[in-house]
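Residue numbers (this note's numbering): 104 to 613. Take a look at the structure below.
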Amino acid sequence: MLELSELIILLAGLAFLLRLLIVIRDSVPFAYDMGRDLLWAKDIVFYKEPTLIGPAASIWGVYFGPLWYYFLSIPLFLSNGHPLSAVITVSLSLSLTGFLAYCWFHKYLSRFYALIFSIIILFSSQMINLSLFAFPANITPILTLCMIYFLFLAVTKNPLFISASFLSVSLIYHTEPPSAVVFTFIPIFIFFYFKLYRTRKLFKIAAISFFAYVLPFTPQILFELRNNFIQTRSLLAYFAGNNPSLSGQLPFLPRILDRAGIFFELFKESVSPQSNIIALLILLLIGFGLYHFIKTDRDKNLHILLKINVVSLLIIFIVFSVFITVEIKTWYLYGTFIFVAFLIVYALVGIRNKAAAVVFVVLFLGLNIFPYAKDERTANAKNDPAQLSNQLAAIEYIYDDSQGKPFSVYVYTPPIYDFSYQYLFWWQGVRFKKGLPVDFAYLPNQPRYVRNKELYSNGKIASTIYLILENSEQNEFYTKDSWLKNFDSYKLTKEIDINGAITVRKLNGI
């Protein structure tokens, strides 16, 4: 019979395998921002061009830290630039989150309930979904788990551990800046709430924590010094409501209701993606179980861990609801599911019925895995122009049809910038040595919008061109018809359809 330690390794492996099977069956989205990120990451690893900043955030004038680009550069190097390597690495990090959840907390929750905690993280629908595309916020859960663990150690073992918690929060700035700003209040509050300042090592703790928090900001600090503190000024304006990057400012009471709706929707997607009623029942279970846990359990360490999670969730909700007046995005909250998973486990501990806990786990697995088995999901993926498989099919057709003759490629995509195709043509042309198009962009004669493209492309226009048109909802300010007028002087010679998602047209000069 398997030991629990062996079982958790098996479960983490199965969770990762499940994600791989979904990727193989449905492909993955390779959208605008993923293409952009891989373009920067390939410059780091293949052209030795480091960077001080990461992607542009949704707040004007604010950038992620560069950790995400360096994180992506590792799988790109190991895979010769394969775009799927980025998704696989994200899947690994989220599978590792579930594994660490067991390893770090089984001494306190007991092996049985720590195993359930790990299963909830590994097989939550939301966590599975985050594993299927490469986006910086998707690795926030593992950093959130680190923050909680080191806060717990700071309270129960040694206050110096709070410095590792500050480091974890600082790294979140590299995955989602607004989340990092809000999460910063958590270790500060815990420090005072649990009176960690009552020690002779107070100065040492403060100094190390400050250094740990500031260290990951070193690239941004250098960038700020070079650019007149643009990010600092933009963030201050955003939180004051003076930076209109994100619309939807709401009065106080409607804002509270809006935030509650966003939190509940994320909760539902994490525990019962297809049923509001079941999600509400799980919320009631959490309330009922926590009530019984607080009344009956006398384990001091468990109560401390519970307080850390409840306080953290309250801080996140209060700051996002009271102090941030503009709209918030769901990806700001990706890390919060770790707190929710803790609360579910505490509820099961409070009920004190292992048979009921096993029944809950079985139902949870069914609710969260079953949606990925539906044919509807596969059909939707097949018809999506942002799917990597469709994009590669278009590129493969163009290379085959051109028969080694010079050609240019122009792409219509509603976001305007064709970053995904910029990366894929570079990958096929340079790393696979298929040769690059003479020119490839969203339109001819455009200013360079891809860093270092001059290293591998000349920007001239060939007499034969291919148009890639995404069949998706159009940008009202950048329609397909207006875009096509740029090619009125060319004659259409061939047209193919790829899964109803992408149309490829071959044109020759008149």
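Here a beta-carbon is modelled for each residue, glycine too, at the ideal position from N, C-alpha and C.
Point to revise | Exposure label - Lys609; buried when at least 16 CB within 10 Å | key: If you number the sequence shown from 1, residue 609 lands on position 506. Taking every protein chain shown into account, the CB of Lys609 has 16 or more other CB atoms within 10 angstroms, so this residue is buried.
Review point. Taking the runs of the beta strand (DSSP E) that are 3 residues or longer, which of them lie wholly in the stretch 414-466?
Key: The stretch 414-466 contains no whole beta strand (DSSP E) run of 3 or more residues.
Point to revise | Terminal residues of the alpha helix (DSSP H) in which Phe295 lies | key: For the purposes of this step, residue 295 is identified with residue 192 of the sequence shown, where counting begins at 1. Phe288 to Tyr296 is the span of the alpha helix (DSSP H), which, as asked, contains Phe295.
Practice item. Take the Cβ of Gly392 as the centre, count every other Cβ of all protein chains shown within 10 Å, and call the residue buried at 16 or more, exposed below. Key: Your numbering for residue 392 matches position 289 in the sequence shown. By the neighbour-count definition (other C-beta atoms within 10 Å, threshold 16), Gly392 is a buried residue.
Practice item. Could you check the C-alpha separation between Pro322 and Leu155 for me, to the nearest Å? Key: Within the sequence shown, numbered from 1, the residue matching residue 322 stands at position 219. Within the sequence shown, numbered from 1, the residue matching residue 155 stands at position 52. Here the alpha carbons of Leu155 and Pro322 stand approximately 5 Å from one another.
Exercise for review: May I ask you to verify whether the stretch 159-177 touches the stretch 285-294, counting CB pairs closer than 8 Å and requiring at least 3?
Suggested key: By the Cβ criterion, the stretch 159-177 is not in contact with the stretch 285-294, since fewer than three pairs of Cβ atoms, one from each stretch, lie closer than 8 Å.
Practice item. Assign Thr596 to one of two classes, buried (16 or more other C-beta atoms within 10 Å of its C-beta) or exposed (fewer than that). Key: The sequence position of residue 596 within the sequence shown is 493, counting from 1. Exposed, because fewer than 16 other Cβ atoms sit within 10 Å of the Cβ of Thr596.
Check your understanding: What does a CB cutoff of less than 8 Å around Met104 pick up in its chain, not counting 5 residues either side in sequence?
Key -> Within the sequence shown, residue 104 is the residue found at index 1, counting from 1. Because the pLDDT at Met104 is just 49, under 50, the model does not fix this residue reliably, and the value given afterwards should be weighed accordingly. Spatial neighbours of Met104 in its own chain (CB-CB distance under 8 Å, excluding positions within 5 residues in sequence) are not present.
Review point. For Ile219, which of helix, strand or coil comes out of DSSP?
Key: Start at 1 with the first residue of the sequence shown, and residue 219 comes out as number 116. Three-state result, Ile219: helix.
Check your understanding: What's the C-alpha gap between Pro550 and Pro186?
Key -> Taking the first residue of the sequence shown as position 1, residue 550 is located at position 447. Taking the first residue of the sequence shown as position 1, residue 186 is located at position 83. The alpha-carbon atoms of Pro550 and Pro186 are separated by roughly 26 Å.
Review point. When DSSP labels each residue in this structure, what does Val553 get in the three-state scheme?
Key: One-based indexing of the sequence shown puts residue 553 at position 450. Of the three classes helix, strand and coil, the one that applies to Val553 here is coil, per DSSP.
Exercise for review: Throw me the rounded Cβ distance for the Gly138 and Phe426 pair, which I believe falls under 8 Å.
Suggested key: The residue given as residue 138 occupies position 35 in the sequence shown. The residue given as residue 426 occupies position 323 in the sequence shown. Rounded, the Cβ-Cβ distance is 34 Å, inconsistent with contact.
**Study point:** Buried versus exposed, by CB contacts within 10 Å (16 or more), Thr399
**Key:** Along the sequence shown, one-based indexing puts residue 399 at 296. Around the beta carbon of Thr399, fewer than 16 other beta carbons sit within 10 angstroms, so the residue counts as exposed.
**Study point:** Touch test, the stretch 210-223 against the stretch 553-568, Cβ-Cβ under 8 Å, three pairs minimum
**Key:** Taking 8 Å as the limit for Cβ pairs, the verdict is that the stretch 553-568 does not touch the stretch 210-223.
Check your understanding: Are the beta-carbon atoms of Val533 and Pro509 separated by less than 8 Å?
Key -> Start at 1 with the first residue of the sequence shown, and residue 533 comes out as number 430. Start at 1 with the first residue of the sequence shown, and residue 509 comes out as number 406. No; because the gap between Cβ atoms is not below 8 Å, this pair is not in contact.
Exercise for review: Go through its chain and collect everything with a Cβ distance to Ala115's Cβ below 8 Å, but skip five positions before and after it.
Suggested key: Translated into the one-based positions of the sequence shown, residue 115 becomes position 12. For Ala115, where only same-chain residues beyond five positions count, the Cβ hits under 8 Å are Ser198, Leu199, Gly201, Phe202, Ser221 and Leu225.
**Study point:** Sequence-distant residues of the same chain with beta carbon closer than 6 Å to Tyr394, five excluded per side
**Key:** What you label residue 394 is simply residue 291 of the sequence shown in a count that begins at 1. If the five residues before and after Tyr394 are omitted, its C-beta is found closer than 6 Å to no C-beta atom of its own chain.
Review point. Grouping DSSP H, G and I as helix and E and B as strand, with all else coil, what is Arg362?
Key: The residue you call residue 362 lines up with position 259 of the sequence shown. Of the three classes helix, strand and coil, the one that applies to Arg362 here is helix, per DSSP.
Point to revise | Glu463 and Leu451 closer than 8 Å at C-beta | key: For this step, residue 463 is matched to residue 360 along the sequence shown. For this step, residue 451 is matched to residue 348 along the sequence shown. It should be pointed out that residue 463 corresponds to Phe in this sequence rather than to Glu. Taking 8 Å as the cut-off, the beta carbon of Phe463 is found closer than this to the beta carbon of Leu451.
Review point. Roughly how many whole angstroms lie between the Cα atoms of Tyr524 and Asp136?
Key: On the sequence shown, position 421 is the one that residue 524 refers to. On the sequence shown, position 33 is the one that residue 136 refers to. Roughly 11 Å separates the two Cα atoms.
Check your understanding: Would you call Gln229 buried or exposed, if buried means 16 or more other Cβ atoms sit within 10 Å of its Cβ?
Key -> Within the sequence shown, the letter at position 126 stands for residue 229. With 16 or more Cβ atoms within 10 Å of its Cβ, Gln229 is classed as buried.
Exercise for review: May I have the straight-line CA-CA distance separating Gly438 from Phe314, to the nearest angstrom?
Suggested key: Numbered from its first residue, the sequence shown carries residue 438 at position 335. Numbered from its first residue, the sequence shown carries residue 314 at position 211. In a straight line, the C-alpha of Gly438 is about 24 Å away from that of Phe314.
Review point. Which same chain residues, not among the five before or five after Phe543, have their C-beta less than 6 Å away from its C-beta?
Key: Looking up residue 543 in the sequence shown gives position 440. The residues are Val512 and Phe528.
**Study point:** For Phe543, the residue or residues it bridges with in DSSP
**Key:** Taking the first residue of the sequence shown as position 1, residue 543 is located at position 440. Looking at the DSSP assignment, Phe543 forms a beta bridge with Val512.
Point to revise | Coil, strand or helix - Ala257 by DSSP | key: In the sequence shown, the residue the question calls residue 257 occupies position 154. If DSSP states are grouped into helix, strand and coil, Ala257 belongs with the helices.
Review point. Start and end of the beta strand (DSSP E) containing Arg608?
Key: As a first step, residue 608 is located in the sequence shown; it is residue number 505 there, counting from the start. That run of the beta strand (DSSP E) goes Ile605 to Gly612.
Check your understanding: Would the stretch 234-243 and the stretch 178-194 be scored as touching if the rule is three or more Cβ pairs under 8 Å?
Key -> Touching, yes.
**Study point:** Supposed contact pair Ser273 and Met250 - C-beta distance, whole angstroms, cut 8 Å
**Key:** For the purposes of this step, residue 250 is taken as the residue at position 147 of the sequence shown. For the purposes of this step, residue 273 is taken as the residue at position 170 of the sequence shown. A Cβ-Cβ distance of about 10 Å is found for the pair Met250 and Ser273, leaving them out of contact under the 8 Å criterion.
Practice item. Provide the residue(s) that pair with Leu618 in DSSP beta bridges, ordered along the chain. Key: Any property of residue 618 remains undetermined from this structure, which presents the chain solely from 104 to 613.
**Study point:** Inter-stretch contact (C-beta, 8 Å, three-pair minimum) for the stretch 467-477 and the stretch 406-420
**Key:** Inter-segment contact for the stretch 467-477 and the stretch 406-420 is absent: fewer than three beta-carbon pairs are separated by less than 8 Å.
Exercise for review: Quick one: give me the first and last residue of the beta strand (DSSP E) that Thr596 is part of.
Suggested key: The residue you call residue 596 lines up with position 493 of the sequence shown. Tyr593 to Ile601 is the span of the beta strand (DSSP E), which, as asked, contains Thr596.
Review point. Since Tyr166 sits in a beta bridge, which residues does DSSP pair it with?
Key: Start at 1 with the first residue of the sequence shown, and residue 166 comes out as number 63. DSSP, once it has assigned bridges, lists Ala159 as partnering Tyr166.
Practice item. Confirm, please, whether the CB-CB distance from Leu195 to Phe119 is below 8 Å. Key: Along the sequence shown, read from residue 1 onward, the residue named residue 119 stands at position 16. Along the sequence shown, read from residue 1 onward, the residue named residue 195 stands at position 92. Closer than 8 Å, so yes.
Check your understanding: Could you give the distance in angstroms between the alpha-carbon of Trp163 and the alpha-carbon of Ser337?
Key -> Here residue 163 corresponds to residue number 60 of the sequence shown, with the count starting at 1. Here residue 337 corresponds to residue number 234 of the sequence shown, with the count starting at 1. Looking at the backbone, the Cα of Trp163 and that of Ser337 are separated by about 7 Å.
Exercise for review: Reducing DSSP to helix, strand and coil, say where Glu106 ends up.
Suggested key: In the sequence shown, counting from the first residue as 1, residue 106 sits at position 3. Correct three-state label for Glu106: coil.
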